[in-house]
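These protein sequence lines map, in sequence, to chains A, B, C and D.
Each residue of the first sequence is one higher than the one before, counting from 4 in our numbering.
Each residue of the second sequence is one higher than the one before, counting from 4 in our numbering.
Each residue of the third sequence is one higher than the one before, counting from 4 in our numbering.
Each residue of the fourth sequence is one higher than the one before, counting from 4 in our numbering.
There are 4 protein chains.
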Amino acid sequence: MLDHPLVPGSTSAIERGPWHYGADYISVYFRGEVASLKRLVPAPFVTDDGLCMAYVCEIISVADAGPELIASRPDRTIYQEAAVGVKCRFKGRTGIFFPVMWVTTEWSLLRGILNGYQKRLADRISMTKLHPLNPGLKEIAPGARFGGFCVKGPGQTLSLEVTIEKAGSPSDLPSFGPTYGMRRFPSTGDAETEVNEPVEILKSNSRVSDVWIGSGSLKTKLKVGKITPLSGAVYRSGFTISGSKVLKA
Amino acid sequence: MLDHPLVPGSTSAIERGPWHYGADYISVYFRGEVASLKRLVPAPFVTDDGLCMAYVCEIISVADAGPELIASRPDRTIYQEAAVGVKCRFKGRTGIFFPVMWVTTEWSLLRGILNGYQKRLADRISMTKLHPLNPGLKEIAPGARFGGFCVKGPGQTLSLEVTIEKAGSPSDLPSFGPTYGMRRFPSTGDAETEVNEPVEILKSNSRVSDVWIGSGSLKTKLKVGKITPLSGAVYRSGFTISGSKVLKA
Amino acid sequence: MLDHPLVPGSTSAIERGPWHYGADYISVYFRGEVASLKRLVPAPFVTDDGLCMAYVCEIISVADAGPELIASRPDRTIYQEAAVGVKCRFKGRTGIFFPVMWVTTEWSLLRGILNGYQKRLADRISMTKLHPLNPGLKEIAPGARFGGFCVKGPGQTLSLEVTIEKAGSPSDLPSFGPTYGMRRFPSTGDAETEVNEPVEILKSNSRVSDVWIGSGSLKTKLKVGKITPLSGAVYRSGFTISGSKVLKA
Amino acid sequence: MLDHPLVPGSTSAIERGPWHYGADYISVYFRGEVASLKRLVPAPFVTDDGLCMAYVCEIISVADAGPELIASRPDRTIYQEAAVGVKCRFKGRTGIFFPVMWVTTEWSLLRGILNGYQKRLADRISMTKLHPLNPGLKEIAPGARFGGFCVKGPGQTLSLEVTIEKAGSPSDLPSFGPTYGMRRFPSTGDAETEVNEPVEILKSNSRVSDVWIGSGSLKTKLKVGKITPLSGAVYRSGFTISGSKVLKA
């Protein structure tokens, strides 16, 4: 049988999970305005102290069901992502909710929506990449600058920049706790089933390396209120997502 | 509040409907192999006699909620679509089920999936357009040829060609009946809500014009079995979709 | 032999001309600042009174050498273009020089550069299209609004909007005279041949139809100085380009 | 002044060189048919023994004039490239001529054409990337497979696959000698200047690392005759290009 686009399978837009990720991040941590952020974070999640993060990243992703796609269908294993996340609480437990994540491929869009991420399709995400053999580039070091942007439709949704100050370690990165999301699939007519459930993303195998810490700045069309940049970071990260679990009120 | 990508609203990927469509089609009618088609048509739909259609089209679409986007956000009102549809029956009533529809924008992808279409994102759809003022082109007339193709990932998913033989009328186009679909949103973990319901698309306001009839041919990676082309057509069509309704067994 | 990308031929990026065009335009006429415009118009062309035009359009183009591509390779016959043109003079004869034209395909980019247009590749051009059968759209009439934009890299290069006031005729459109350009191909090392010649584009077969006149506005990152919109127009046009001829000082 | 798209400068499509490159390659070495290859290699170059290479790569490129674009305009520093090169001779000196190089950005297209490369714009190039932190991926090792493809218009222009057998060194990679090219800019009308000169690309600072050697296979629409794969390789490389020099007969 041909799989439905949203039903994981070999002919679906989504392969069967768990799904494994390896990503290179350029991130900026900042404080937004709580009054604005509240309009981006749906109940039952409660905006915390205004701490947020924004990032652009390139992700190499394979599913348990098809790691061989890395060679046979590389277009099914690479995408770029840009996002803004807001620190929030569920029953007193802090976590991060991403009002929007822009991604560059269909499969990351639909897989994410299924798992509870509020993903949108980007037209383009571009971000700094260094290359150790480029005779015109230096290795990453204090003073190095990184940038990235996301374009959708008529203009930018997010752009950010980080200036490196020093080498860091994973513990230097602000911690938010688990990733929260919303699984939603509304009805379009009478008697149709609806899905509307808050979830926690089931994430494991997390590891971080190559951390560099510095200052950062960003612009976004997402209405986060006045932005107070706190810090910036460049790092690599890996993790596994196996789905999501419903959060019961 | 920021809308979830799948919950129609002004900040969602999907505007509030009903949604209106005006489309220019290049279509090929053909017979596939019933044994193959059965693997493309999910229960409760039953493959009929093997009659199928394939098309590429350009669609201008506006929502009741925002017709002004035609000027302010034209990228939210234009997309291309390529599809293969299979004649099938539900409780003895014939209709058409599209195992796959490839589209070129996020909003047509997600809107369609919500309504029950098995949409996928195309990388590119290209199709013949004539222009009455181009000094090197003739008006449409017997002998004129039209073609189109859809590319996704490493190659073509569909290509077709039509050679015009004569002017026609809407009644010259094969009739399939209503459009059937599947609304699906599977769980990704314990206790999550699932959606899995056969639907009929709620379509109204149908009108067709500028019909030209001829012969056609097509290639598709969709496994429809041996293709026996029946006819081809070029035409314009308009309609309104207000959602879908569940089909009860 | 395989053709060089710039040497017109069946395996080149450019087919052998003459090349025929049919285009749908949304145009805004405006006055820029002469001091700014002078920096956009190279010698021997002389900026005139500051009159300029900006447009977005969709073009159907075929070459004498391969009109059948309209069906077999529609991707070789359709592109979008956005441009800003400046009224200027050469030896006292007024014409129009386009400091930049953004286009959406390789072949229109390279063909244009060869002929003397200062073309650049756009990431995306989107513009209003109406459709007579769309139940949610009205026919073009006074009050109708049209818009378009061009995105390249991190943001917009041009956006414009036109509000229709009345039906018009071709003679209602401001006339600029011939199209001027620069053919340039600099050396990249000693003893290499250079091309640096002002040209007039060889244009014929011009025809215009479906003219609607109104008001317009635009934004562009091109440094044209303060913009004073004069009028807007929507129309269809066709013409043939056979190459260019050198303008001798 | 606004720069012409082909005249290197800060507002041109091409920045002022020299240009520095850091690239990750997946390459396949093969033998084509000399009779076929002769039709791909223009005089004064002479096809050698049929040795060819094909590759896909991702390139990070900066110009001497603007290394800061790596952060402020990453879209001006990253592109993908796919190409087929043919061993040939000029006055008895062996080198490599690339009948076609497909690239994913305007600036690499135009810069390459200016320097003498027969570049074409790809719609998409995708290639295997590993990530050391992805829990579902292994490090590169014997048995690892890499693949890549290039799509342009209706289909693939090149696809290739490499299976790693062992770690290697730069000297394990077949050597072709200098890169030859053709600078061409034909006239489009009477009395226009033409450029038609064979060149050698001025390449320096070459370095190679992370070499892995294995077997390979490829498909291409370029008419190279029957393909006999010889070997495959994955490696990183860096170099500088400062332009080209005319080869005098």
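Think of the CB as a built atom: it goes at the ideal place given N, C-alpha and C, for glycine as much as any other residue.
Between residue i and chain B, is any beta-carbon pair separated by less than 8 Å?
i, result
"residue 160 (chain C)", "no"
"residue 148 (chain C)", "yes"
Using 8 Å as the limit for Cβ to Cβ distance, is residue i near chain A?
i, result
"residue 82 (chain D)", "no"
"residue 61 (chain B)", "no"
"residue 157 (chain C)", "yes"
Any beta carbon of chain D sitting closer than 8 Å to that of residue i?
i, result
"residue 256 (chain B)", "Nothing can be reported for residue 256 (chain B): it is not among the residues displayed for chain B, which extend from 4 to 252."
"residue 164 (chain A)", "yes"
"residue 7 (chain A)", "no"
"residue 87 (chain B)", "no"
"residue 152 (chain B)", "yes"
"residue 71 (chain C)", "no"
"residue 139 (chain A)", "yes"
"residue 118 (chain C)", "yes"
Check whether the Cβ atoms of residue i and residue j sit closer than 8 Å, and answer yes or no.
i, j, result
"residue 40 (chain B)", "residue 177 (chain B)", "no"
"residue 102 (chain C)", "residue 121 (chain C)", "yes"
"residue 17 (chain B)", "residue 5 (chain B)", "no"
"residue 31 (chain B)", "residue 163 (chain B)", "yes"
"residue 193 (chain D)", "residue 141 (chain C)", "no"
"residue 208 (chain D)", "residue 179 (chain D)", "no"
"residue 186 (chain D)", "residue 202 (chain D)", "yes"
"residue 245 (chain D)", "residue 214 (chain D)", "no"
"residue 151 (chain D)", "residue 204 (chain D)", "no"
"residue 149 (chain B)", "residue 74 (chain C)", "yes"
Evaluate residue i with the Cβ neighbour count: other Cβ atoms within 10 Å of its Cβ, from every protein chain shown; 16 or more gives buried, anything less gives exposed.
i, result
"residue 123 (chain A)", "buried"
"residue 130 (chain B)", "buried"
"residue 174 (chain A)", "exposed"
"residue 199 (chain C)", "exposed"
"residue 46 (chain B)", "exposed"
"residue 125 (chain D)", "buried"
"residue 252 (chain C)", "exposed"
Excluding the 5 residues flanking residue i on each side, which residues of the same chain have their C-beta closer than 7 Å to its C-beta?
i, result
"residue 145 (chain D)", "167, 168, 169"
"residue 231 (chain B)", "33, 34"
"residue 3 (chain C)", "There is simply no residue 3 (chain C) to check, as chain C begins at 4 and stops at 252 in what is shown."
Cutting at 6 Å between CB atoms, please list the residues of its own chain near residue i, excluding the five before and the five after it.
i, result
"residue 85 (chain A)", "59, 105, 128, 153, 161"
"residue 26 (chain C)", "60, 62, 240"
"residue 56 (chain B)", "30, 32, 88"
"residue 218 (chain C)", "166, 235"
"residue 48 (chain A)", "91, 93, 100, 183"
"residue 21 (chain D)", "67, 243, 245"
"residue 228 (chain B)", "35, 36, 39"
"residue 222 (chain C)", "162"
Give me, in chain order, the residues of the same chain whose beta-carbon lies closer than 8 Å to that of residue i; leave out the 5 immediate sequence neighbours on both sides.
i, result
"residue 15 (chain D)", "6, 7, 8, 9"
"residue 28 (chain D)", "58, 59, 60, 236, 237, 238, 239, 240"
Looking at the C-beta of residue i, does it have a partner C-beta in chain C at a distance below 8 Å?
i, result
"residue 74 (chain B)", "yes"
"residue 19 (chain D)", "no"
"residue 241 (chain B)", "yes"
"residue 190 (chain B)", "no"
"residue 56 (chain D)", "no"
"residue 31 (chain B)", "no"
In whole angstroms, what separates the C-alpha of residue i from that of residue j?
i, j, result
"residue 64 (chain A)", "residue 138 (chain D)", "9 Å"
"residue 143 (chain D)", "residue 79 (chain A)", "19 Å"
"residue 76 (chain C)", "residue 70 (chain C)", "10 Å"
"residue 12 (chain A)", "residue 95 (chain B)", "30 Å"
"residue 190 (chain B)", "residue 113 (chain A)", "13 Å"
"residue 111 (chain A)", "residue 72 (chain C)", "35 Å"
"residue 83 (chain A)", "residue 115 (chain A)", "13 Å"
"residue 98 (chain C)", "residue 19 (chain D)", "31 Å"
"residue 197 (chain A)", "residue 117 (chain A)", "13 Å"
"residue 157 (chain D)", "residue 66 (chain C)", "19 Å"
"residue 216 (chain A)", "residue 24 (chain A)", "22 Å"
"residue 43 (chain C)", "residue 195 (chain C)", "27 Å"
"residue 250 (chain A)", "residue 109 (chain B)", "28 Å"
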